[in-house]
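Chains as they are written, first to last, in this note's numbering: chain A, 3 to 153; chain B, 3 to 153.
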């Protein structure tokens, strides 16, 4: 536990490599069947006829895949206590079967919480790119962290 | 197809009932294992010790469940063409096993797109409440729609 990152360890400008993953056709269709059954997320023909240009992942799927990288490769090594929301989320490019997403997190700002002195908040900007370097998604995310001095 | 809703049918102030669903413990843990493996989404003890007060759904899971209601009960009856992003998403209450979510969509604004005359954009506010009436999540979502006059 001694190398856990606490609120006191976090500063604006810090960047974290969140690693990569590759998404399959089966995962894209499976997620869409369960959570976003619009035709362009389910069928090749509908995807090709759409603005996406081919069968492409639900935006909620893309965000959830990047959340996996954020949780597994950063938050689970910290005193992270969850998040109250998301702002400024943009889907910049469709995600197709076989695409590899690489994600990063940057801290924009940190602040104490008046109402909860044992916690602080760090505002992260999360971004993911494809194998060709083009931006796929980004969003801003305030995340709560316990303070070392309390824990 | 004749009762499909096109951009011309959408106006600020319109509200849509998106229906309800109930989330199970198995779904909460399964989603967290795949997309958000933080302890308070995976284990009772960690959930009870957390700010959430019990094993609770990943916020990405809650959003994806409400997306299912939005896609199945509204967008798939329209000329919807996808969305470029999300803003002002807030998680207001944790979602526990057995909770029933009821969702609504309201149109805040509609506008033409200068660059794509065959499409318009409607900005929706999506909200979901629990069985006790308390707000669980809300966000704003611009969604593209084809125009009837073109289609």
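We treat Cβ as the ideally placed atom computed from N, Cα and C, and that holds for glycine.
Item, Value
"Amino acids of chain B, ordered along the chain, whose beta-carbon sits closer than 7 angstroms to that of residue 90 of chain A", "89"
"Neighbour list for residue 154 of chain A in chain B, Cβ cutoff strictly below 9 angstroms", "Given that chain A is displayed from residue 3 to residue 153, the structure contains no residue 154 of chain A and the question cannot be resolved."
"Inter-residue spacing [alpha-carbon to alpha-carbon] between residue 101 of chain A and residue 135 of chain A", "11 angstroms"
"Reference residue 98 of chain B; option with closest CA among B/28, B/106, B/83", "B/28"
"Endpoints, the beta strand (DSSP E) within which residue 150 of chain B is located", "From DSSP, residue 150 of chain B is part of no beta strand (DSSP E); its letter is neither H nor E."
"Alpha carbon of residue 94 of chain B to alpha carbon of residue 95 of chain A, nearest angstrom", "30 angstroms"
"Residue range of the unbroken alpha helix (DSSP H) whose run includes residue 75 of chain B", "61-75"
"Rounded straight-line distance, which links the Cα of residue 56 of chain A to that of residue 46 of chain A", "6 angstroms"
"Under 8 angstroms from the C-beta of residue 67 of chain B: neighbouring residues of chain A", "37"
"Beta-carbon spacing of residue 83 of chain B, residue 37 of chain A below 8 angstroms", "no"
"Reduced DSSP category for residue 120 of chain A - H, G, I as helix; E, B as strand; rest coil", "coil"
"With 16 other Cβ atoms within 10 Å as the buried cut-off, status of residue 15 of chain A", "exposed"
"DSSP state of residue 5 of chain B mapped onto helix, strand, coil", "coil"
"Residue 116 of chain B burial status per 10 Å Cβ neighbour count (16 or more: buried)", "exposed"
"For residue 106 of chain B, the first and last residue of its enclosing alpha helix (DSSP H)", "Note, residue 106 of chain B: premise wrong, no alpha helix (DSSP H); beta strand (DSSP E) at 102-114."
"Within chain B, partners of residue 52 of chain A - CB distance below 9 angstroms", "83, 84"
"Limits of the unbroken alpha helix (DSSP H) element including residue 33 of chain A", "27-37"
"Contacts of residue 78 of chain A in chain B (Cβ-Cβ under 9 angstroms)", "39, 40, 41"
"Residue 90 of chain A to residue 78 of chain B span [Cα, whole Å]", "25 angstroms"
"Nearest-angstrom Cα separation, counted from residue 139 of chain A out to residue 30 of chain B", "24 angstroms"
"For residue 19 of chain B, the first and last residue of its enclosing beta strand (DSSP E)", "17-24"
"Bridge-paired residues (DSSP) for residue 92 of chain A", "A/140, B/87"
"Within-8 angstroms CB hit, residue 163 of chain B to chain A", "Nothing in the structure corresponds to residue 163 of chain B, since chain B is present only between 3 and 153."
"Distance, residue 7 of chain B Cα to residue 44 of chain A Cα", "21 angstroms"
"Residues that residue 116 of chain A contacts on chain B, provided the C-beta gap is smaller than 9 angstroms", "What residue 116 of chain A touches in chain B: nothing, since even the nearest Cβ is about 16 angstroms away."
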